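Numbering (the working numbering), first residue to last: 2 to 262.
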């Protein structure tokens, strides 16, 4: 299979992985600004943008495809939302390829099952919400995508601006097929990468939005409990897409992290 990617700038490499139903074009100006001082590699995940689809959109296969595509050199991997889950999985499978890891609006356990013990509470998205998305996806994919976009910007200071950018990005390329979209939701619903996060032996940073309705900001302190080396950054007025709503703040945090990592 073939993964589509673009490289901007020169210097220390950083790989950017987008979120569910998106493609690498969503990074836009953020990637261009980051490329003024770094070599930025923007990848379309399998079945997204201009990348070929996998027979089964699962973490092991996604990470293997990325390993075959991206140059075999240590790089910072930055993932947003679903991309954060993929980046964390990649770091656990190919630690020699990851010099540092940045999780942007990511949660190693994005969703807890309904049967989760109340004595082991982890800040996560309600599994029933993702289940509803999966069911609605089969009936009306376009309406489901629009609803997911709205959830990503809910509470943001720049709601209309960010929603417009997200909508524009989704229409710039054909949407992923139904199997790929369903596979992405399944990853978010079923994956528990907390052990992978705890085992990391490299610099790791989490950037969270204080108004994020998909990734509870409280998960930051929980992540830091299982990974004491984690650098936690919270943007109080941001929602789920802080690199769009607060690009300068995110750029400063990422740039500083890259210099020190």
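Where is the CB? At the ideal position from N, CA and C, for every residue including glycine. Since the structure is predicted, the reported quantities are computational estimates derived from the model, not experimental observations.
Beta-carbon contacts of residue 45 that lie in its chain and below 6 Å, excluding the five residues immediately before and after: 5, 24, 25, 51 and 52
Residue range of the unbroken alpha helix (DSSP H) whose run includes residue 223: 220-227
Exposure of residue 108, with buried meaning 16 or more beta-carbon neighbours within 10 Å: buried
Given residue 78 as reference, the closest of 14, 135, 151 and 134 once Cα atoms are compared: 14
Residue 168 beta carbon less than 8 Å from that of residue 131: no
Boundaries of the beta strand (DSSP E) in which residue 100 is found, first to last residue: 99-105
C-alpha distance - residue 119 paired with residue 10, whole-angstrom precision: Note that residue 119 scores 47 on pLDDT, short of 50, meaning its location in the model is unreliable and no value can be drawn from it.
Coarse secondary structure for residue 28, derived from DSSP in three states: helix
Contacting residues, own chain, Cβ-Cβ under 8 Å from residue 22 (five flanking each side not counted): 49, 146, 149, 171, 176, 177, 182 and 185
Unbroken alpha helix (DSSP H) run spanning residue 84, endpoints: 83-94
Cβ-Cβ distance between residue 242 and residue 163 below 8 Å: yes
Those runs of the beta strand (DSSP E) which lie wholly inside the segment 169-214 and span at least 3 residues: 205-210
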